[in-house]
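There are 2 protein chains.
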Amino acid sequence: MFEILATDGAARAGRLATAHGVVETPVFMPVGTRGAVKALGPDDLRAAGARIVLGNTYHLFLRPGHELIRELGGLHRFMGWDGTILTDSGGFQVWSLAKLRKLREEGVEFRSPTDGSTHFLSPELAIEVQHALGGDIIHPLDECLAYPATREAAERSLALTLRWAARAKAAHVRGAGGRQALFGIVQGGTWEDLRRRAVDETVALGFDGYAIGGLAVGEPKETMYGLTELVAGLLPRAQPRYLMGVGKPEDLLEGVARGIDMFDCVLPTRNARNGQCFTWDGPVTLKQARWARDGAPLDPDCHCYACRGFSRAYLRHLFMSDELLAYRLLSLHNVHFFLDLMREARAAITRGAFEPFKARFFARYAVSSLDVSRDELRPEV
Amino acid sequence: MFEILATDGAARAGRLATAHGVVETPVFMPVGTRGAVKALGPDDLRAAGARIVLGNTYHLFLRPGHELIRELGGLHRFMGWDGTILTDSGGFQVWSLAKLRKLREEGVEFRSPTDGSTHFLSPELAIEVQHALGGDIIHPLDECLAYPATREAAERSLALTLRWAARAKAAHVRGAGGRQALFGIVQGGTWEDLRRRAVDETVALGFDGYAIGGLAVGEPKETMYGLTELVAGLLPRAQPRYLMGVGKPEDLLEGVARGIDMFDCVLPTRNARNGQCFTWDGPVTLKQARWARDGAPLDPDCHCYACRGFSRAYLRHLFMSDELLAYRLLSLHNVHFFLDLMREARAAITRGAFEPFKARFFARYAVSSLDVSRDELRPEV
Numbered sequence: 003m004f005e006i007l008a009t010d011g012a013a014r015a016g017r018l019a020t021a022h023g024v025v026e027t028p029v030f031m032p033v034g035t036r037g038a039v040k041a042l043g044p045d046d047l048r049a050a051g052a053r054i055v056l057g058n059t060y061h062l063f064l065r066p067g068h069e070l071i072r073e074l075g076g077l078h079r080f081m082g083w084d085g086t087i088l089t090d091s092g093g094f095q096v097w098s099l100a101k102l103r104k105l106r107e108e109g110v111e112f113r114s115p116t117d118g119s120t121h122f123l124s125p126e127l128a129i130e131v132q133h134a135l136g137g138d139i140i141h142p143l144d145e146c147l148a149y150p151a152t153r154e155a156a157e158r159s160l161a162l163t164l165r166w167a168a169r170a171k172a173a174h175v176r177g178a179g180g181r182q183a184l185f186g187i188v189q190g191g192t193w194e195d196l197r198r199r200a201v202d203e204t205v206a207l208g209f210d211g212y213a214i215g216g217l218a219v220g221e222p223k224e225t226m227y228g229l230t231e232l233v234a235g236l237l238p239r240a241q242p243r244y245l246m247g248v249g250k251p252e253d254l255l256e257g258v259a260r261g262i263d264m265f266d267c268v269l270p271t272r273n274a275r276n277g278q279c280f281t282w283d284g285p286v287t288l289k290q291a292r293w294a295r296d297g298a299p300l301d302p303d304c305h306c307y308a309c310r311g312f313s314r315a316y317l318r319h320l321f322m323s324d325e326l327l328a329y330r331l332l333s334l335h336n337v338h339f340f341l342d343l344m345r346e347a348r349a350a351i352t353r354g355a356f357e358p359f360k361a362r363f364f365a366r367y368a369v370s371s372l373d374v375s376r377d378e379l380r381p382e383v
Numbered sequence: 003m004f005e006i007l008a009t010d011g012a013a014r015a016g017r018l019a020t021a022h023g024v025v026e027t028p029v030f031m032p033v034g035t036r037g038a039v040k041a042l043g044p045d046d047l048r049a050a051g052a053r054i055v056l057g058n059t060y061h062l063f064l065r066p067g068h069e070l071i072r073e074l075g076g077l078h079r080f081m082g083w084d085g086t087i088l089t090d091s092g093g094f095q096v097w098s099l100a101k102l103r104k105l106r107e108e109g110v111e112f113r114s115p116t117d118g119s120t121h122f123l124s125p126e127l128a129i130e131v132q133h134a135l136g137g138d139i140i141h142p143l144d145e146c147l148a149y150p151a152t153r154e155a156a157e158r159s160l161a162l163t164l165r166w167a168a169r170a171k172a173a174h175v176r177g178a179g180g181r182q183a184l185f186g187i188v189q190g191g192t193w194e195d196l197r198r199r200a201v202d203e204t205v206a207l208g209f210d211g212y213a214i215g216g217l218a219v220g221e222p223k224e225t226m227y228g229l230t231e232l233v234a235g236l237l238p239r240a241q242p243r244y245l246m247g248v249g250k251p252e253d254l255l256e257g258v259a260r261g262i263d264m265f266d267c268v269l270p271t272r273n274a275r276n277g278q279c280f281t282w283d284g285p286v287t288l289k290q291a292r293w294a295r296d297g298a299p300l301d302p303d304c305h306c307y308a309c310r311g312f313s314r315a316y317l318r319h320l321f322m323s324d325e326l327l328a329y330r331l332l333s334l335h336n337v338h339f340f341l342d343l344m345r346e347a348r349a350a351i352t353r354g355a356f357e358p359f360k361a362r363f364f365a366r367y368a369v370s371s372l373d374v375s376r377d378e379l380r381p382e383v
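Chains as they are written, first to last, in our numbering: chain X, 3 to 383; chain P, 3 to 383.
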């Protein structure tokens, strides 16, 4: 299902084939939390060049429920998206969003933050839910360790995640997931030896690809980059590597440089709703009065609908007036920008010029990848 | 600028040519209050078949200001809409939205409801603002009488509106509005003789078309229909007639039957944001649990993007989850429906079958035009 077409240092350009098409990597996946990438339609996503989106098992399990989605023909048909879908396992959201979590060997009991109802998710049920949703790439339920955590907690958590991974794999094999790829998730907190153990034991179970979980949860950037490099270097070369929940444009490039093929983050859509736009010249905050009379497009080098049709002054006016169109146009632009960044990275890898591309990007974008605060990387609720 | 192509009883099918294209009538104009039809982009409006949209002078005057829009090339360019734009004069919004209005012969002083700032609008300034915006069809400042009103208040108000209309006409002739058409507004409250006087004196001033104002403000439906019929029957046959702020699908057909060519209302977009969708089988309220597992499109006879791509169950899920995409898709559908209704009415007039078309519409839509409450016709703020 995965083919590496070119490499440049640790960076790889590849093709990921799924039941719903081909995805060129490295790739950024817009997040469709509740069966929609916020403020965007499938037409917008296609126009931005998206070929893969992420769906959140946790959110869809709670509402409208996986049985309803199965009954209506699966998530692709439900959300009108005929491209590839990756679903996460719900582990991260149970950890970050749910109330009154009770973690047991069998699974995790939690309360919905919206209506207080009690739910139980086990590794087997998480797979069953994802079989019902029908995503092309699915994941085992994992425990997402808090940061910082004690060594003892990290060991206990990793052991549980590994036992759950084995159960998830068994459930997937038993179930009707023939056309669905199952990725393993590498946890292990910030301990290098635990990360090594996580890679060894996860790879030993055998998955179609590997996600790196438990990063971008508050640790310093150096730690995140270092562990990404370590884990990516240990994972099987021939399979896709997915860095979960990352990140900013600079994080994406640093991840690609370390051998990551896939990323997802709510950043482009959530920041759009706060009026922050990503451009090749760095972020633009539309609230600032300096844009009020600016007739230029958001990013003169961008070919998205928002940049082709409208001025900064107009987009700012929409945003300041709470016009819903602002959220669509700014989200469309930001997603387009993230996808463009990955397209450019892919092209640079193919011609063996990823490092100069990355250096030029940082020179113009004017953000050092190590000095940006991480406070905007919390998950979308 | 206006050509009648076919008539059927009092109903007319025509073509309205402006500096930004040809509009086929009868036509419904989506309302772009603040330089955007709420939740929709120009691409959505085009896809729905819109060729003319309305802009609110009052809102754009307050924010971002007409000078800014002039500086950036006018409202068409500002909002990325290359079709026809009609702007109202601001009179209705001053009356319905502004605080602490002080009405004088010279004009009206009011406070912005958003920031409390004081503003003054005169007939001359309202024209200057609309010249700056550059809409294809503009309107004189009028006083919109409250309902109910005393005979004395109605007479005084009409006289002021007529004096303002003369000043607006003079300002338009003096100004640079050569490519802009100026419509007159017929007021006069609920008194037939005042409405007759309003028609006589407004027509005597000479305008490019005539709007009927001061209806759909709380009076009974019979009164609205009766006064529409009276005024439409008195207006010059060769010029377009625009019934301001109307209305529901049934009101549009009743207006067309009485000789109205143009309508505008926030109903399709505002009700969309409340989860109410218009269909040929009557309104659908998506909040209702009955739609939760319904795999059918919103309206099987509609060809809009929302109906082609998604089920009622999905649209309901988006709406119940407060997903922004819900507002776009439902607004798109409702606007498409209103425009379709007018397209079908036009076709029926052309083949001399408007009355049977209207009867079939009501039989299926199952709403009597006289028994619908009017509480949803308030203006968008």
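Backbone N, C-alpha and C fix where the C-beta goes; we use that ideal spot for every residue, glycine too.
According to DSSP, which residues form a beta bridge with residue i?
| i | result |
| --- | --- |
| X/G57 | X/G34, X/T89 |
| X/H121 | X/F112 |
| P/Y212 | P/G186, P/R243 |
| X/M264 | X/V29, X/Y244 |
| P/C306 | Beta-bridge pairing links P/C306 to no other residue. |
| X/C279 | X/V286 |
| X/F4 | X/L18 |
| P/A13 | P/D10 |
| P/V24 | P/A19 |
| P/I351 | According to DSSP, which records beta bridges pairwise, P/I351 is partnered with nothing at all. |
Report all residues from its chain with a CB closer than 7 Å to the CB of residue i; omit the five preceding and five following residues, and keep chain order.
| i | result |
| --- | --- |
| P/A8 | A15, I351, T352 |
| P/E5 | G16, R17 |
| X/A21 | D138, R181 |
| P/A50 | C306, L334, V337, H338, L341 |
| X/D373 | A caution first: X/D373 carries a pLDDT of 44, below 50, which makes its placement in the model too unreliable to give a value. |
Should residue i go down as buried or exposed, given a rule of 16 or more other Cβ atoms within 10 Å for buried?
| i | result |
| --- | --- |
| P/L379 | With a pLDDT of 40 at P/L379, under the threshold of 50, the modelled position of this residue cannot be trusted; read the value that follows with caution. It is buried - the Cβ of P/L379 has at least 16 other Cβ atoms within 10 Å. |
| P/Q290 | exposed |
| P/V175 | exposed |
| P/H319 | buried |
| P/K101 | exposed |
| X/D10 | buried |
| X/R366 | exposed |
| P/A240 | exposed |
| X/T225 | exposed |
Under 9 Å between the Cβ atoms of residue i and residue j?
| i | j | result |
| --- | --- | --- |
| P/E107 | P/T120 | no |
| P/I71 | P/A134 | yes |
| P/R237 | P/E194 | Residue identity check: residue 237 of chain P is Leu in the sequence provided, not Arg. No, these two residues do not count as a Cβ contact at 9 Å. |
| X/P251 | X/F363 | yes |
| X/R348 | P/R330 | no |
| X/E145 | X/S124 | no |
| P/G186 | P/L147 | no |
| P/L143 | P/G177 | no |
| X/G247 | P/G43 | no |
| P/L245 | P/G257 | yes |
| X/L317 | X/W282 | no |
| P/H141 | P/A161 | no |
| P/L254 | P/F63 | no |
| X/G249 | X/L229 | no |
Whose C-beta lies closer than 6 Å to the C-beta of residue i among residues of the same chain, with five residues either side of it excluded?
| i | result |
| --- | --- |
| X/R65 | none |
| P/D46 | L334 |
| X/R376 | Confidence in X/R376 is poor, its pLDDT being 38 and thus under 50, which makes the residue's placement unreliable; the coordinate value appears in the next sentence. So the list is empty, once near-sequence residues are dropped. |
| X/L184 | I140, H174, F209, D210 |
Within its chain, find whatever has a CB closer than 8 Å to the CB of residue i; leave out the 5 residues flanking it on each side and keep chain order.
| i | result |
| --- | --- |
| P/G137 | G57, L77, I87, L88, T89, Q182 |
| P/G297 | S313, R314, A315 |
*asked:* Which residues of the segment 65-95 of chain X have a Cβ closer than 8 Å to any Cβ of chain P? Give them in chain order.
replied: Against chain P - using a Cβ distance shorter than 8 Å - the residues of the segment 65-95 of chain X are R65, P66, L70, E73, L74, G75, F80, M81, G82.
*Along the segment 294-311 of chain X, what residues have a CB closer than 8 Å to any CB found in chain P?*
So the list reads A294, R295, G297, Y307, G311, given in the order they occur along the chain.
*Looking at chain X, which residues of the segment 312-323 of chain P have a Cβ within less than 8 Å of any of its Cβ atoms?*
The segment 312-323 of chain P vs chain X, Cβ under 8 Å: F312, S313, A315, Y316, H319, L320, M322, S323.
*Could you list the residues in the segment 182-209 of chain P with a C-beta less than 9 Å from some C-beta on chain X, going in chain order?*
Those would be none; no residue qualifies.
*Quick one: which residues of the segment 14-45 of chain P get their C-beta closer than 9 Å to a C-beta of chain X? List them in chain order.*
Residues of the segment 14-45 of chain P with a C-beta atom less than 9 Å from some C-beta of chain X are T35, R36, G37, A38, V39, K40, A41, L42, G43, P44, D45, listed in chain order.
*Which residues, in order along the segment 156-167 of chain P, keep a beta-carbon less than 8 Å from a beta-carbon of chain X?*
Cβ proximity to chain X below 8 Å picks out nothing from the segment 156-167 of chain P.
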